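Everything below concerns the one structure shown next.
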Amino acid sequence: MNKKIGVLVCACLAAAVLLSAPLWHWIFLKDTEKLPMLIFNKTAEDDTLREHKGITWLLNHMKKTKEDGTSYSLADDYSGYLPASKKIRELPGDLSHYSHLYLADSYGVRSNKSGELIYGEMTLEEADRIQQSVKTNAQTIFAEFNTFAEPTEPEARRKLEDLFGLEWTGWTGRYFLDLGSDEVPEWVKRSYETQHSKTYRFSGQGLILVSEKEELMIVPEEDFGGKHPLSFSFTKQGKKELGLDAELKYNYWFDIMEPAGAKVLASYHLHVNAQTEAKLSEKGVPLSMPAVLHHSGRGYDAYYFAGDYADANDIPDFYQASGITDWKKLTSSDKKGRTDGFFWKAYVPMMKTILEK
């Protein structure tokens, strides 16, 4: 009996050691490295802080610390809107002590009742401060949707376009699993009914495209080209620079950009029928468009993600274990409108590669 108990105890201890190995590996074998990053999020609508949750989690998982050697706090280590207190943490006047800047979202926070902007938009003064700091201090900057679209000031947009080596076409879009769901903004439905003089009755999956001139295009499922309507893949340049090769469905917000000096590391592809392709062409909407752009300026690097990449809510609170990203990469999905597959299979590997350079 005692022998059986001893064997059982040894087996339990061995299992405990095996299961906890990723934790011990992360604690003792993974080195920490200082990587002071300024995170700017003007669209923190609630305490999930999902617009910059992804990048904060990844920095901590990679053991990239602030200048003082401490880990990043989701609630405390960003500039922008503070939903709990309804106060604003302004962009610092001096950005020189940061090695990296991350512009997570500039769309802003609006009143639930009136839709009036409470706080948001990238101002000219902020854009100028960011541009001067990046160029003067040879920093690495990241930005993603929504940085250029409304309500960002046109002058601020042009300054940031120059910094990132690109131009915004004026078009944004989003994939919806159900065009009849509450996820579709009310202003889209109102705009459609105004432009077409008929009731909005769409349902099923589809794409919604809107221009800064308030032109609206809805691509329902019957207009797809036999495939998921929007895919993401790395270009030859992206494979060379990042060492990544993946083709995934993309299921969220995006904006349509044109390179103006920047290299295209990944592209989106629209899959629609010939009739819809002709309609898109009339509006100047291409079937292939940049998804990830990299501009190397004089001493600085600028990466633009033409989508809501760091916007992630369904990620683990626990980050202190090796192998989490590999496990999530295997178990996540891009099916049925899910966004976690893209986050773990494209965004995380891409950011890990860039941040380890």
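For the sequence shown, my numbering gives the first residue as 168, with consecutive numbering after it. Note that the Cβ used here is the ideal one computed from N, Cα and C, for glycine as well. All of these numbers come straight from a predicted model, not from anything done at the bench.
Is residue i helix, strand or coil by DSSP?
i      : result
Val351 : coil
Val377 : strand
Pro321 : helix
His267 : strand
Phe510 : helix
Thr336 : strand
Glu212 : coil
Asp272 : strand
Ser398 : strand
Thr520 : helix
Lys197 : coil
Leu205 : strand
Arg256 : strand
Val174 : Residue confidence is low: Val174 scores 46 on pLDDT, short of 50, so the model does not pin down where it sits. Its coordinate-derived value is still stated next. In this structure, Val174 counts as helix in the three-state DSSP scheme.
Ile222 : helix
Lys356 : helix
Arg505 : coil
Phe369 : coil
Ile491 : helix
Lys403 : helix
Pull up the distance between the alpha-carbon of residue i and that of residue j, whole angstroms please.
i      : j      : result
Gly504 : Glu379 : 26 Å
Lys197 : Leu225 : 14 Å
Asn480 : Asp214 : 11 Å
Gly392 : Val386 : 11 Å
Glu317 : Asp412 : 33 Å
Glu200 : Tyr265 : 14 Å
Tyr367 : Pro396 : 21 Å
Lys254 : Tyr248 : 6 Å
Ser499 : Tyr417 : 13 Å
Ile482 : Tyr245 : 19 Å
Ile423 : Trp338 : 6 Å
His228 : Lys365 : 50 Å
Ile308 : Asp501 : 27 Å
Ile521 : Leu409 : 7 Å
Pro426 : Glu334 : 6 Å
Glu234 : Pro203 : 5 Å
Leu432 : Thr402 : 5 Å
Asp475 : Phe421 : 7 Å
Glu525 : Tyr486 : Past the boundaries of the shown model lies residue 525; the chain is included only from 168 to 524, so the question cannot be answered.
Ile206 : His436 : 29 Å
Tyr467 : Thr506 : 30 Å
Pro453 : Tyr514 : 23 Å
Phe428 : Asn313 : Checking the sequence shown, residue 428 turns out to be Gly, not Phe. In a straight line, the C-alpha of Gly428 is about 21 Å away from that of Asn313.
Glu293 : Lys230 : 29 Å
Trp354 : Ser263 : 40 Å
Ile285 : Pro321 : 19 Å
Thr319 : Pro259 : 19 Å
Trp511 : Asp493 : 8 Å
Lys524 : Gln306 : 13 Å
Nearest CA to the CA of residue i: which residue from the options?
i      : options                        : result
Thr443 : Glu353, Gly221, Asp345, Leu376 : Leu376
Val439 : Asp484, Leu383, Asp390, Lys403 : Asp390
Ser238 : His462, Arg357, Ile222, Thr402 : Ile222
His363 : Leu383, His436, Tyr435, Asp235 : Leu383
Met518 : Ala477, Ala211, Glu350         : Ala477
Arg217 : Ala271, Glu257, Met229         : Ala271
Glu283 : Glu350, Tyr274, Leu291         : Tyr274
Val276 : Ile491, Leu262, Asn208, Ala441 : Asn208
Leu497 : Gly508, Gln404, Gln487, Asp261 : Gly508
Ala211 : Lys512, Pro250, Thr232, Lys231 : Pro250
Leu291 : Ala310, Glu311, Phe343, Phe315 : Phe315
Gly347 : Phe369, Glu360, Ser358, Thr336 : Phe369
Ser252 : Ala242, Glu388, Asp261, Pro352 : Ala242
Lys407 : Glu388, Lys430, Ser398         : Lys430
Can you find a CB in chain C that lies within less than 8 Å of the CB of residue i?
i      : result
Lys394 : Among the chains of the structure shown, chain C does not appear; only one protein chain is present.
(Q) Restricting to runs no shorter than 4 residues, where is the alpha helix (DSSP H) found entirely within the stretch 412 to 471? (A) 441 to 449
Q. Touch check for the stretch 292 to 307 and the stretch 325 to 334: three-plus C-beta pairs under 8 Å?
A. yes
Q | the stretch 456 to 468 contacting the stretch 415 to 431, beta-carbon criterion three pairs below 8 Å | A | yes
Q: Entirely within the stretch 285 to 316 and at least 4 residues each: give me those alpha helix (DSSP H) ranges in chain order.
A: 291 to 304
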